[in-house]
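Okay, so the sequence shown: first residue is 0 according to numbering that gives the first Met the number 0, each after it adds one. Heads up: the structure comes next, in structure tokens.
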Amino acid sequence: MKEEKKIKTGFVALVGRPNVGKSTLMNHLIGQKIAIVSAKPQTTRGKIQTVYDDERGQIIFLDTPGIHKAQNKLGEYMDHVAEKTLDDVDVVVWLVEPTTYIGAGEQHIIEVLKATNKPKILVINKIDTLSDPAAIEKAEAEYRALMDFDEIVPVSASHAKNLDKLKTAIFKYLPEGPRYYDEDTVTDQTMRELAGELIREQALRKLSDEVPHGIAVIIDEMHQRDNGLWDIKATIICEREAHKGIIIGKGGSMLKRIGTGARIQIEKMTGDRVNLQLFVKVRKDWRDSGTFLKNYGFKDES
């Protein structure tokens, strides 16, 4: 009887400060878009689970919210999710930028990581922005002086550079065991969740800086007709009447831009045509309301 090849499988947390490139890295690692990406911080608000599979085994990535100093209950929820994830994984991947300046945010993450005995891989991202290759070595030295890492891997998430090296490093520290998911599984997120995130992504990209952090997206209805067309009704929640006006725009122009961009992305995801209707509602200070947070899907599962 032929001996079955042993594989490695396990859970890997992607952590780091907001806007360091965790979602971009995860999307490129698994080869398709799951997490939404924008240039604004706090894009990822919950724990997004995706699966990478090859002949070596299976890596289940958990893309966590950026660890930061919370300013409201939503921020506290995001920090809790990120830090709680470390208890449930086999390997921690910490993403940083290629700089020798280590600020208060990084120092906080170092203290969080020191409290766990899981294997730690430091990933220095955005190396494509460097003109001096020696800058990578300087950044590595600064971080090694603060904490021992099992591996340090420089990458460019946006250019998919050194990602095979990173996968190899991760597999090195995963335990042997059977696959948790079928080989064709990519994410545990539902179609409704993905659609809501794609709408929020378009809002993040198109709205002014002060508005996006104060929005949530609720999928009110989502069903597919016999001819394949998806009917989706969604509501964008904001905190101020003034923000509602900005989201809608003059004559509905901004809402139309958000809807058009989201529809295109949802059609790419589903492979079918989409009829998307967007609405806007005001829920004052919803980010500081435990009830609203729970209603909008930010539930503490600890």
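The beta carbon of each residue, even a glycine, is placed where N, CA and C say it ideally should be. All figures in this text were calculated on a predicted structure; none of them were measured in a lab.
For residue i, report the span of its alpha helix (DSSP H) as first-last.
{"i": "ASN26", "result": "21-29"}
{"i": "ILE101", "result": "Per DSSP, ILE101 belongs to no alpha helix (DSSP H) and is neither H nor E."}
{"i": "LYS232", "result": "No alpha helix (DSSP H) contains LYS232, which is instead part of the beta strand (DSSP E) from 229-237."}
{"i": "GLY250", "result": "It is not in any alpha helix (DSSP H) - GLY250 carries neither H nor E in the DSSP assignment."}
{"i": "ALA133", "result": "133-143"}
{"i": "LEU377", "result": "Here the chain comprises residues numbered 0 to 301, so residue 377 is not present and cannot be evaluated."}
I need the DSSP call for residue i, collapsed to helix, strand or coil.
{"i": "LYS4", "result": "coil"}
{"i": "TYR348", "result": "One cannot answer for residue 348 here, as it falls past the ends of the chain, which runs 0 to 301."}
{"i": "LEU277", "result": "strand"}
{"i": "ASP149", "result": "coil"}
{"i": "LEU13", "result": "strand"}
{"i": "THR49", "result": "strand"}
{"i": "ASN18", "result": "coil"}
{"i": "ARG44", "result": "Note that ARG44 has pLDDT 43, beneath the 50 cutoff, so the model's placement of it is unreliable and no number is given."}
{"i": "ALA261", "result": "helix"}
{"i": "LYS303", "result": "What is shown of the chain runs 0 to 301, which leaves residue 303 out entirely."}
{"i": "ASP87", "result": "helix"}
{"i": "ASN71", "result": "Reliability fails at ASN71, whose pLDDT of 46 lies under 50, so the model's placement of it is uncertain and the value that follows must be treated cautiously. ASN71: coil per DSSP, three-state reduction."}
{"i": "ALA114", "result": "coil"}
{"i": "LYS243", "result": "helix"}
{"i": "LYS267", "result": "helix"}
{"i": "LEU304", "result": "Because the chain is modelled from 0 through 301, residue 304 falls outside the range shown and cannot be assessed."}
{"i": "LYS255", "result": "helix"}
{"i": "TYR76", "result": "Note that TYR76 has pLDDT 46, beneath the 50 cutoff, so the model's placement of it is unreliable and the number below is only indicative. TYR76: helix per DSSP, three-state reduction."}
{"i": "ASP127", "result": "helix"}
{"i": "ASP287", "result": "helix"}
Are residue i and residue j touching if we call contact CB-CB under 8 Å?
{"i": "ILE235", "j": "VAL281", "result": "no"}
{"i": "PRO153", "j": "ASP89", "result": "no"}
{"i": "THR8", "j": "ILE29", "result": "no"}
{"i": "GLY195", "j": "HIS242", "result": "no"}
{"i": "TYR179", "j": "GLN57", "result": "yes"}
{"i": "THR128", "j": "LEU85", "result": "no"}
{"i": "LYS232", "j": "GLN264", "result": "no"}
{"i": "LYS268", "j": "LEU162", "result": "This sequence places Met at residue 268; Lys is not what is there. No, Cβ-Cβ distance for MET268 and LEU162 is not below 8 Å."}
{"i": "SER22", "j": "ASP62", "result": "yes"}
{"i": "THR167", "j": "GLU141", "result": "no"}
{"i": "ILE123", "j": "GLU139", "result": "yes"}
{"i": "ASP230", "j": "ARG239", "result": "no"}
{"i": "LYS125", "j": "PHE148", "result": "no"}
{"i": "PHE10", "j": "ASP87", "result": "yes"}
{"i": "LEU228", "j": "ARG272", "result": "yes"}
{"i": "LYS113", "j": "MET146", "result": "yes"}
Would you give the residue range spanned by the beta strand (DSSP E) that residue i belongs to?
{"i": "GLY56", "result": "56-62"}
{"i": "HIS158", "result": "Premise fails: HIS158 is in no beta strand (DSSP E) and is neither H nor E."}
{"i": "ALA215", "result": "215-223"}
{"i": "ILE120", "result": "119-123"}
{"i": "LEU94", "result": "90-95"}
* the stretch 15-23 touching the stretch 84-98, judged by at least three CB pairs closer than 8 Å -> Using a C-beta cut-off of 8 Å, the stretch 15-23 makes contact with the stretch 84-98, since at least three inter-stretch Cβ pairs fall below that distance.
* **Sufficient close CB pairs (3 or more, under 8 Å) joining the stretch 149-165 to the stretch 117-135** => Between the stretch 149-165 and the stretch 117-135 there are three or more C-beta pairs closer than 8 Å, enough to call the two in contact.
* Asked: Can we say the stretch 193-204 touches the stretch 257-276, given the rule of at least three CB pairs closer than 8 Å?
  -> By the Cβ criterion, the stretch 193-204 is in contact with the stretch 257-276, since at least three pairs of Cβ atoms, one from each stretch, lie closer than 8 Å.
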